[in-house]
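Input: a single structure, listed below in structure tokens.
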Ligand code: FAD
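Numbering (UniProt numbering), first residue to last: 32 to 455.
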């Protein structure tokens, strides 16, 4: 066939676009059902999180499409009410955007706050939402789809720039304009909150990839694949202003993703990585308590078992985690990798549109959980599994669903293109 999308996915250990599409065809129906389950649908999010190291006054998105529909606690299904999960106080945090002044040293607060919680932070690749913390709101992920919101311009670009700035690992070739800041790995800190390089330089990362080690390439691919997936969603559910409807917009997709093979490859790479991580849960389902309610616990476990079982049979061919962090040099990179990914998840507090922030937080927490399952089991398996939060599991499965829907959307746009080619 004349398909554009075929062949190997870089760094996915032999996987091809075709492998991922075939896996997705099997998994998609099950995953669609799973995210409709109450357990996976309600997510607690702190919209007032204060981990953003910048103060940007401009550009908060006032569009209606940027807003979220919130759930009141009374409307939550009985079994998922906070009292069943633990104590929860009403939202008490004011939305004061100016709480942080000039905080180049935000990493100090962040890491100290994190360590003091003593919640297995050492193996975490993100700041998962805390269901038992003060503040925060419940949302139904189903009722707040990730789609075009109109959030754009310098504000959104600054967030992306700060996200990619986390890609500057020790020893990595410097980007023009990068602030060289000695890393203090001894105290467990890496510089956070760099925004001094040009967005156009993001593309130079992609060109530089062949000269980097596998772990650095993976870090970059995760970010680029996440952005490609977000772009795919917003182009697939784009607001057609004339019709007042949400529709696929192929011009949007082609310019942001479709004509960039590297971005497509990174999106599929993320699918391979996350699906492999999800499959890892299959061996540990009896150690996970979804809720105190026995009936719901079993129902939820059954669905998860079906999906993870299916993936266990297919994903060993699409991602091989044992090749990552396997050399002595790479092992020393691991703690930096972990902290930098945590920084990326913290940057989601900077996003100026609540709906984008919701999905940015869900997805960075989802990738963070996937990385933990791939690279932190082994000696720590019992501890890692026992300490998994509900919000981490919800984020993981919903991130997988995002990627699965993106792969489906890519196929849709590819078919459109193919149809147009045959007609002409
Ligand atoms: P952007 O997509 O902002 O890209 C900026 C630059 O990044 C590009 O010029 C290019 O150099 C580089 N780049 C782009 N894609 C990639 C890639 N895949 N890999 C590597 N480099 C790349 N908008 C919505 O409508 N709905 C949402 O749900 C939404 N969620 C968002 C979540 C987050 C965390 C952020 C930061 C933004 C979100 N946005 C969302 C905004 C959206 O991502 C774009 O920033 C916005 O649409 C403006 O797009 P743009 O054309 O300026 O380019």
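C-beta: ideal position from N, C-alpha, C; glycine also.
Sub-8 angstroms separation of residue i and residue j beta-carbons
{"i": "residue 419", "j": "residue 308", "result": "no"}
{"i": "residue 52", "j": "residue 288", "result": "no"}
{"i": "residue 195", "j": "residue 384", "result": "no"}
{"i": "residue 389", "j": "residue 170", "result": "yes"}
{"i": "residue 190", "j": "residue 381", "result": "yes"}
{"i": "residue 411", "j": "residue 154", "result": "yes"}
{"i": "residue 440", "j": "residue 263", "result": "yes"}
{"i": "residue 477", "j": "residue 178", "result": "Outside the displayed range of the chain (32 to 455) lies residue 477, so it cannot be described from this structure."}
{"i": "residue 431", "j": "residue 306", "result": "yes"}
{"i": "residue 255", "j": "residue 294", "result": "yes"}
{"i": "residue 444", "j": "residue 284", "result": "yes"}
CA-to-CA distance, residue j to residue i, given in whole angstroms
{"i": "residue 455", "j": "residue 75", "result": "50 angstroms"}
{"i": "residue 413", "j": "residue 434", "result": "28 angstroms"}
{"i": "residue 159", "j": "residue 315", "result": "20 angstroms"}
{"i": "residue 77", "j": "residue 392", "result": "10 angstroms"}
{"i": "residue 362", "j": "residue 103", "result": "45 angstroms"}
{"i": "residue 331", "j": "residue 239", "result": "44 angstroms"}
{"i": "residue 73", "j": "residue 387", "result": "17 angstroms"}
{"i": "residue 378", "j": "residue 186", "result": "13 angstroms"}
{"i": "residue 63", "j": "residue 79", "result": "30 angstroms"}
{"i": "residue 140", "j": "residue 344", "result": "In this prediction, residue 140 scores a pLDDT of 43, lower than 50, which makes its location untrustworthy; the coordinate-derived value is nonetheless stated afterwards. Between residue 140 and residue 344, the C-alpha separation is close to 43 angstroms."}
{"i": "residue 135", "j": "residue 242", "result": "Since pLDDT at residue 135 reaches only 29, below the 50 mark, its modelled position is unreliable, and the value read off the structure follows with that caveat. Their backbone Cα atoms lie some 30 angstroms apart in a straight line."}
{"i": "residue 200", "j": "residue 193", "result": "14 angstroms"}
{"i": "residue 270", "j": "residue 50", "result": "32 angstroms"}
{"i": "residue 89", "j": "residue 286", "result": "27 angstroms"}
{"i": "residue 298", "j": "residue 259", "result": "6 angstroms"}
{"i": "residue 9", "j": "residue 45", "result": "Summary: the structure shown does not reach residue 9, with the chain confined to residues 32 through 455, and so no result is reported for it."}
{"i": "residue 206", "j": "residue 291", "result": "Because residue 206 sits at a pLDDT of 39, beneath the cut-off of 50, its placement in the model cannot be relied upon, and the following sentence gives the value as read from the coordinates. Near 22 angstroms, if we compare the C-alpha coordinates of residue 291 and residue 206."}
{"i": "residue 272", "j": "residue 436", "result": "24 angstroms"}
{"i": "residue 84", "j": "residue 58", "result": "39 angstroms"}
{"i": "residue 188", "j": "residue 329", "result": "44 angstroms"}
{"i": "residue 105", "j": "residue 425", "result": "21 angstroms"}
{"i": "residue 442", "j": "residue 449", "result": "10 angstroms"}
{"i": "residue 376", "j": "residue 274", "result": "36 angstroms"}
{"i": "residue 319", "j": "residue 81", "result": "30 angstroms"}
{"i": "residue 357", "j": "residue 409", "result": "13 angstroms"}
{"i": "residue 453", "j": "residue 184", "result": "37 angstroms"}
Sequence-distant residues of its chain with Cβ nearer than 6 angstroms to residue i (five each side left out)
{"i": "residue 279", "result": "267"}
{"i": "residue 461", "result": "Absent from the structure is residue 461, since the part of the chain shown begins at 32 and ends at 455."}
{"i": "residue 336", "result": "316"}
{"i": "residue 447", "result": "281"}
{"i": "residue 41", "result": "296"}
{"i": "residue 174", "result": "100"}
{"i": "residue 369", "result": "156"}
{"i": "residue 54", "result": "345"}
{"i": "residue 353", "result": "none"}
{"i": "residue 423", "result": "159, 400"}
{"i": "residue 261", "result": "none"}
Own chain partners of residue i with C-beta closer than 7 angstroms, once the 5 adjacent residues on each side are dropped
{"i": "residue 65", "result": "71, 334, 338, 428"}
{"i": "residue 43", "result": "300, 303, 349, 350"}
{"i": "residue 176", "result": "268"}
{"i": "residue 340", "result": "313"}
{"i": "residue 148", "result": "Any reading at residue 148 must be qualified, since the residue scores a pLDDT of 43, below 50, and its modelled position is unreliable; the value itself is stated next. Cβ within range, chain order: n/a, list empty."}
{"i": "residue 60", "result": "none"}
Contacts around residue i, its chain only, beta-carbon distance under 8 angstroms, and the 5 residues preceding and following it disregarded
{"i": "residue 372", "result": "156, 157, 197, 250, 253, 395, 398, 399, 402"}
{"i": "residue 38", "result": "47, 48"}
{"i": "residue 180", "result": "92, 94, 96, 97, 265, 384, 386, 387"}
{"i": "residue 407", "result": "154, 415"}
{"i": "residue 257", "result": "301, 394, 395, 398"}
{"i": "residue 132", "result": "Annotation note: pLDDT 30 at residue 132 (below 50); position unreliable, no value reported."}
{"i": "residue 67", "result": "173"}
{"i": "residue 342", "result": "54, 58, 306, 307, 309, 310, 313"}
{"i": "residue 355", "result": "245, 246, 249, 361, 405, 406"}
{"i": "residue 417", "result": "318"}
Any non-hydrogen atom of the ligand GDP within 7 angstroms of residue i CB
{"i": "residue 177", "result": "The ligand content of the structure shown is limited to the ligand FAD, which means the ligand GDP is not among them."}
Within-8 angstroms CB hit, residue i to chain C
{"i": "residue 86", "result": "This model lacks chain C altogether; it includes just one protein chain."}
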